[in-house]
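Only one structure is covered here, and it is reproduced in the block below.
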Amino acid sequence: MKEQIDQVLNDINKLPPMSNVVLKIMTLLQNPSVSIQEVANEISKDPVITASIIKLSNSAYYRASKPIRTVSESLMTLGIKTVKEIVLLTATKKILNKDLTSYQLDAEAMWLHSLIVAELSARISIAKKTNIPRDLAFTSGLLHDIGKVILAQFFPMKMIEIKNAVKDSFRAFTDIEKEFLGYDHQEVGRKALETWNFPEELKEVVSCHHNFDDSKKFPKLVACVHVANHLAVISGIGIDIGGLSHEISKPALDLLGITDQELEIYFTNIPEIQKAITELVSV
Ligand SMILES: [Fe+2]
Ligand SMILES: [Fe+2]
Numbered sequence: 015m016k017e018q019i020d021q022v023l024n025d026i027n028k029l030p031p032m033s034n035v036v037l038k039i040m041t042l043l044q045n046p047s048v049s050i051q052e053v054a055n056e057i058s059k060d061p062v063i064t065a066s067i068i069k070l071s072n073s074a075y076y077r078a079s080k081p082i083r084t085v086s087e088s089l090m091t092l093g094i095k096t097v098k099e100i101v102l103l104t105a106t107k108k109i110l111n112k113d114l115t116s117y118q119l120d121a122e123a124m125w126l127h128s129l130i131v132a133e134l135s136a137r138i139s140i141a142k143k144t145n146i147p148r149d150l151a152f153t154s155g156l157l158h159d160i161g162k163v164i165l166a167q168f169f170p171m172k173m174i175e176i177k178n179a180v181k182d183s184f185r186a187f188t189d190i191e192k193e194f195l196g197y198d199h200q201e202v203g204r205k206a207l208e209t210w211n212f213p214e215e216l217k218e219v220v221s222c223h224h225n226f227d228d229s230k231k232f233p234k235l236v237a238c239v240h241v242a243n244h245l246a247v248i249s250g251i252g253i254d255i256g257g258l259s260h261e262i263s264k265p266a267l268d269l270l271g272i273t274d275q276e277l278e279i280y281f282t283n284i285p286e287i288q289k290a291i292t293e294l295v296s297v
């Protein structure tokens, strides 16, 4: 089973398509001295991404100070980081918007779950003054469960077996995934991001979001996503068979300095967050 998964993960052509333009943009943006013109030229090669950048730049969510008509205007007004966030949002929607029947999650619930975790991770990071750039916290939350999408897409029958095993077990869901597949969705997600050549920070979040103690280099970022994911799951957004089998990590809460009272406040803010991201749901 592990070999079968490796075959999918090691071949970029077998993975769900992450558009070449997105991969190129991600690489370009890792260079801090990249020019707006270079980024705009690359983006303009993908009409779908171009359209959603212009649409979202003018949305209430991103609140540009003036009407945006072109990608260059968007880059100049909102900044490269925000545009990167929008590029990934559009690309991820395409991938996450798959029907995850075997995980008891439909595509829309999965997308909503990812967006809530993205927004909540960003808000927690800002509230707790972590100094993590907003777009990084947001994108990390957005991608955290990407491994689930890949597993559900390529191994639906195995997923049904896992689902049945989970029903009569109190073990952590990721342990059961490992027993049946040799990998859990965190490892699968990490390998996909490796194949796509994504940055280290994102790989660590994807591979440790349920096991905070495993995070080594970017514990604050992992903690934000871990807490955000937990709150989204207990609020019933994107709840799935394995959702409640993991506990919230006390060391993660301590690292960020989140009190019980603050946790409660984040939780009660979820309906408002859901409203704030309405425009992102229909990218
Ligand atoms: Fe997960
Ligand atoms: Fe999740």
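According to the numbering used here, the sequence shown is numbered sequentially starting from 15.
Yeah, the Cβ is synthetic: ideal placement off N, Cα and C, and Gly gets one too.
Own chain partners of residue i with C-beta closer than 6 Å, once the 5 adjacent residues on each side are dropped
{"i": "Phe232", "result": "Glu215 and Glu218"}
{"i": "Gly203", "result": "Ile160, Gly161 and Val220"}
{"i": "Ile284", "result": "Ser249"}
{"i": "Ala132", "result": "Phe152, Gly155 and Leu156"}
{"i": "Ala136", "result": "Arg148, Ala151 and Phe152"}
Three-state class that DSSP yields for residue i in the structure shown
{"i": "Lys16", "result": "helix"}
{"i": "Ala206", "result": "helix"}
{"i": "Glu261", "result": "coil"}
{"i": "Asn24", "result": "helix"}
{"i": "Ala132", "result": "helix"}
{"i": "Gln275", "result": "helix"}
{"i": "Thr84", "result": "coil"}
{"i": "Tyr76", "result": "coil"}
{"i": "Leu270", "result": "helix"}
{"i": "Lys177", "result": "helix"}
{"i": "Gln51", "result": "helix"}
{"i": "Gln288", "result": "helix"}
{"i": "Gln359", "result": "Because residue 359 is not part of the residues shown, which for the chain are 15 to 297, the question remains open."}
{"i": "Thr106", "result": "helix"}
Counted within 10 angstroms of its Cβ, other Cβ atoms place residue i as buried (16 or more) or exposed
{"i": "Ser154", "result": "buried"}
{"i": "Lys230", "result": "exposed"}
{"i": "Gln275", "result": "exposed"}
{"i": "Ile19", "result": "buried"}
{"i": "Ala74", "result": "exposed"}
{"i": "Ser139", "result": "buried"}
{"i": "Thr273", "result": "exposed"}
{"i": "Met171", "result": "exposed"}
{"i": "Asp25", "result": "exposed"}
{"i": "Ile174", "result": "exposed"}
{"i": "Val295", "result": "exposed"}
{"i": "Ser128", "result": "buried"}
{"i": "Ile279", "result": "exposed"}
{"i": "Asn145", "result": "exposed"}
{"i": "Asn243", "result": "buried"}
{"i": "Glu17", "result": "exposed"}
Rounded C-alpha distance that separates residue i from residue j
{"i": "Ala206", "j": "Val239", "result": "19 Å"}
{"i": "Phe168", "j": "Met15", "result": "12 Å"}
{"i": "Glu99", "j": "Tyr76", "result": "11 Å"}
{"i": "Phe187", "j": "Ser71", "result": "38 Å"}
{"i": "Asp149", "j": "Thr104", "result": "14 Å"}
{"i": "Ile287", "j": "Glu293", "result": "12 Å"}
{"i": "Ile82", "j": "Gly93", "result": "12 Å"}
{"i": "Glu201", "j": "Ala78", "result": "37 Å"}
{"i": "Gln44", "j": "Lys289", "result": "32 Å"}
{"i": "Leu37", "j": "Glu193", "result": "32 Å"}
{"i": "Thr41", "j": "Ala151", "result": "18 Å"}
{"i": "Ser49", "j": "Ala121", "result": "36 Å"}
{"i": "Met32", "j": "Tyr197", "result": "22 Å"}
{"i": "Leu245", "j": "Pro213", "result": "26 Å"}
{"i": "Lys143", "j": "Leu134", "result": "14 Å"}
{"i": "Val53", "j": "Asn211", "result": "18 Å"}
{"i": "His223", "j": "Val97", "result": "25 Å"}
{"i": "Ile39", "j": "Ile130", "result": "25 Å"}
{"i": "Ser183", "j": "Leu89", "result": "50 Å"}
beta-carbon residue i near ligand 1 non-hydrogen atom, thresh 7 Å
{"i": "Asp159", "result": "yes"}
{"i": "His244", "result": "no"}
{"i": "Thr199", "result": "The identity of residue 199 in the sequence shown is His, whereas the question assumes Thr. The answer is yes for His199."}
{"i": "His223", "result": "yes"}
7 Å CB neighbourhood of residue i in its chain, flanking five on each side removed
{"i": "Leu157", "result": "Thr106, Leu216 and Val220"}
{"i": "Ala237", "result": "Phe226, Ala266, Leu269 and Leu270"}
{"i": "Ser58", "result": "Thr64 and Val85"}
Closer than 7 Å: residue i CB and nearest ligand 2 heavy atom
{"i": "His260", "result": "no"}
{"i": "His240", "result": "no"}
{"i": "Val131", "result": "yes"}
Contact set for residue i: own chain, Cβ-Cβ below 8 Å, skip 5 residues either direction
{"i": "Thr91", "result": "Ser71, Ala78, Ser79, Lys80 and Ile82"}
{"i": "Val22", "result": "Lys28, Leu29, Ile164 and Phe168"}
{"i": "Asp228", "result": "Ser221 and Cys222"}
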